[in-house]
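Structure first, then comments.
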Amino acid sequence: MAETASSREISLFSPYNMGKLDLSHRVVLAPMTRCRAINGVPHEALAEYYTQRSTAGGFLISEGTLVSNTAAGFPHVPGIYTEEQVEAWKKVVDAVHAKGSIIFCQLWHVGRASHQVYQPGGGSPISSTNKPISQRWRVLLPDGSYGPYPKPRALETYEIPGVVEDYRRAAINAIRAGFDGIEIHGAHGYLIDQFLKDGINDRTDEYGGSIDNRCKFLTQVVQAVVSAIGADRVGVRISPAIDHLDAVDSDPVGLGLAVVEKLNRLQLNTGSRLTYLHVTQPRYTAYGQTESGRPGSEEEEAHLMRTVRKAYQGTLICSGGFTRELGMQAVADGDADLVSYGRLFISNPDLVLRFKLNAPLTKYNRKTFYTQDPVIGYTDYPFLQESRSRL
Ligand SMILES: Cc1cc2nc3c(=O)[nH]c(=O)nc-3n(C[C@H](O)[C@H](O)[C@H](O)COP(=O)(O)O)c2cc1C
Numbered sequence: 004m005a006e007t008a009s010s011r012e013i014s015l016f017s018p019y020n021m022g023k024l025d026l027s028h029r030v031v032l033a034p035m036t037r038c039r040a041i042n043g044v045p046h047e048a049l050a051e052y053y054t055q056r057s058t059a060g061g062f063l064i065s066e067g068t069l070v071s072n073t074a075a076g077f078p079h080v081p082g083i084y085t086e087e088q089v090e091a092w093k094k095v096v097d098a099v100h101a102k103g104s105i106i107f108c109q110l111w112h113v114g115r116a117s118h119q120v121y122q123p124g125g126g127s128p129i130s131s132t133n134k135p136i137s138q139r140w141r142v143l144l145p146d147g148s149y150g151p152y153p154k155p156r157a158l159e160t161y162e163i164p165g166v167v168e169d170y171r172r173a174a175i176n177a178i179r180a181g182f183d184g185i186e187i188h189g190a191h192g193y194l195i196d197q198f199l200k201d202g203i204n205d206r207t208d209e210y211g212g213s214i215d216n217r218c219k220f221l222t223q224v225v226q227a228v229v230s231a232i233g234a235d236r237v238g239v240r241i242s243p244a245i246d247h248l249d250a251v252d253s254d255p256v257g258l259g260l261a262v263v264e265k266l267n268r269l270q271l272n273t274g275s276r277l278t279y280l281h282v283t284q285p286r287y288t289a290y291g292q293t294e295s296g297r298p299g300s301e302e303e304e305a306h307l308m309r310t311v312r313k314a315y316q317g318t319l320i321c322s323g324g325f326t327r328e329l330g331m332q333a334v335a336d337g338d339a340d341l342v343s344y345g346r347l348f349i350s351n352p353d354l355v356l357r358f359k360l361n362a363p364l365t366k367y368n369r370k371t372f373y374t375q376d377p378v379i380g381y382t383d384y385p386f387l388q389e390s391r392s393r394l
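Quick look at the structure:
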């Protein structure tokens with residue numbers, strides 16, 4: 004049969020080769036904190052949750068996973084810095100691999116987006132700055148209530164290599180646990196973003212001031228992790244245009260491009276590409292905390308995505324407010340290679356199949372995003388077959 008223009012068109016269901024990984028489609032599970040890893044250790048419910056969302060040749064990114072005992076800012080988030088955690092993750096990863104999916108571990112340190120209650124010895128959270136997050140944002144406490152973010156402690160210059168080392172060790176642990184690679188969480192107002200953005204970083208040492216200096220912590224982390232596990236097992240996530248947790252910058256596109264330029268150079272120097280760059284769209288700012296925010300205009304959305312796309316030499320994953328249609332359009336137009344889905348994947352474990360069939364989607368329940376129940380709002384969202392049999 005002659006190939007038509009439309010049959011040649013790239014869609015969310017076209018295969019994609021990402022370095023040494025062969026993906027059968029382009030619908031990625033976005034990293035999402037779900038607070039079900041009781042006392043920081045993954046258990047069977049996590050294996051169930053991730054395998055429900057696994058497809059042969061699909062690509063999953065784990066929830067933010069803590070690199071050290073100072074990294075937490077939510078209750079019951081998993082870590083990857085103790086042997087118990089590594090052993091526990093092995094079971095989750097094995098279960099995902101048995102379903103044919105590929106899974107990366109997202110490495111996370113929240114920095115000042117924490118509270119003394121999550122810190123060893125009740126200390127202050129660490130950051131690039133001594134300024135707390137404003138009252139516009141609230142920290143989720145272990146009892147389910149919300150409180151103000153406390154004043155953090157700016158890291159001394161000499162302490163920073165120790166934090167970089169935490170990421171390096173966590174990356175090694177992730178590979179030991181069987182993960183196919185790791186994603187460095189440099190987005191959404193957490194520790195790395197607290198260095199990147201000039202609205203937060205008020206340092207006067209070599210990690211503050213110019214864009215180059217503000218990018219230094221991220222590039223040192225990337226370099227350390229790449230040296231330990233290889234560039235082709237490392238993804239990087241950034242959100243230059245997202246103001247979550249006061250993470251504003253006076254020149255978001257300039258900052259995004261500076262990061263891209265540094266990643267390109269690192270790829271050139273190491274002679275190997277990173278697995279991908281993952282960028283959160285401005286649209287998520289509006290939708291992140293509530294349903295009622297103003298989405299970015301189409302122009303704003305396209306500008307960031309296309310500028311980064313043009314500059315970055317490698318695989319680009321986009322995330323943030325994508326519907327099936329917007330995702331189809333982004334890959335067909337070549338604006339992104341892959342699209343990561345968050346909230347729709349929470350409430351539709353078989354999202355890939357539903358997208359394929361253009362089937363109706365189940366609405367997510369925001370109230371159970373961060374609760375601890377191993378089933379409710381976590382693994383009890385229906386598959387298509389179940390939805391149909393309930394009609
Ligand atoms: C419950 C929840 C938890 C999230 N946790 C993380 C996280 O741990 N790491 C991260 O990089 N992004 C996190 N995000 C952001 C998502 O990865 C994604 O970018 C965002 O939800 C926008 O995509 P969507 O519009 O498809 O939901 C989270 C989002 C939600 C809704």
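Start counting at 1 in the sequence shown, then tack on 3, and there's your number in my numbering.
Positions of the beta carbon are idealized from the N, C-alpha and C atoms, including for glycine.
It should be emphasised that the depicted structure is a prediction, and the values quoted were computed from it without experimental measurement.
Name the one or two DSSP bridge partners that residue i has.
i: C395; result: This structure does not reach residue 395, given that the chain is present from 4 up to 394, and the question cannot be answered.
i: L32; result: L63 and Y344
i: I105; result: F62
i: Y19; result: L26
i: W111; result: L69
i: I136; result: Looking at the DSSP assignment, I136 forms no beta bridge with any residue, so it has no partner.
i: I129; result: R156
i: G171; result: A small correction: the amino acid at residue 171 is Arg; Gly does not occupy that position in the sequence shown. Bridge partners of R171: none, in fact.
Does DSSP put residue i in a helix, in a strand, or in coil?
i: V378; result: coil
i: Y149; result: strand
i: T222; result: helix
i: Y53; result: helix
i: H79; result: coil
i: A250; result: coil
i: E12; result: coil
i: H188; result: strand
i: P385; result: coil
i: G337; result: coil
i: G257; result: helix
i: S350; result: helix
i: A314; result: helix
i: I195; result: helix
i: A98; result: helix
i: V166; result: helix
i: I203; result: coil
i: R179; result: helix
i: R357; result: helix
i: V142; result: strand
i: G212; result: coil
i: I241; result: strand
If I'm right that residue i touches residue j with Cβ under 8 Å, what's the distance once you round it to whole angstroms?
i: K154; j: S127; result: 7 Å
i: L199; j: L221; result: 6 Å
i: T54; j: V99; result: 6 Å
i: V228; j: I185; result: 7 Å
i: V80; j: C108; result: Rounded, the Cβ-Cβ distance is 13 Å, inconsistent with contact.
i: G174; j: L110; result: A small correction: the amino acid at residue 174 is Ala; Gly does not occupy that position in the sequence shown. The Cβ separation is near 6 Å, so the contact holds.
i: I106; j: D183; result: 6 Å
i: P145; j: P78; result: 4 Å
Spatial neighbours of residue i within its chain, please: C-beta separation below 7 Å, excluding the five flanking residues on both sides.
i: I129; result: T73, G114, P155, R156 and L158
i: F358; result: L15, V30 and R327
i: T293; result: Per-residue confidence for T293 stands at a pLDDT of 43, beneath the threshold of 50, marking its modelled position as unreliable; the derived number appears in the next sentence. Same-chain partners within the cutoff: there are none.
i: R56; result: L32, L63, F348 and P352
i: F386; result: P352 and D353
i: I13; result: V334 and A335
i: A50; result: K94, V95 and A98
i: T382; result: A48, E51, Y52 and Q55
i: Q332; result: none
Going along the chain, which residues of its own chain have a beta-carbon closer than 8 Å to the beta-carbon of residue i, five neighbours each way excluded?
i: E209; result: T160, N216 and K219
i: S253; result: D201 and G202
i: G125; result: Q119
i: T371; result: I379, G380 and Y381
i: G60; result: P18, D25, L26, S27, H28, G103, S104 and I105
Give a yes or no on whether 8 Å exceeds the smallest Cβ distance from residue i to chain D.
i: V311; result: Among the chains of the structure shown, chain D does not appear; only one protein chain is present.
CB-CB under 6 Å to residue i, same chain, minus the five flanking residues each way: which ones, in chain order?
i: G259; result: P243 and V311
i: S137; result: D249
i: K93; result: A180 and G181
i: A91; result: V44 and P45
i: T132; result: A157, I203 and D205
i: Y315; result: V263 and L280
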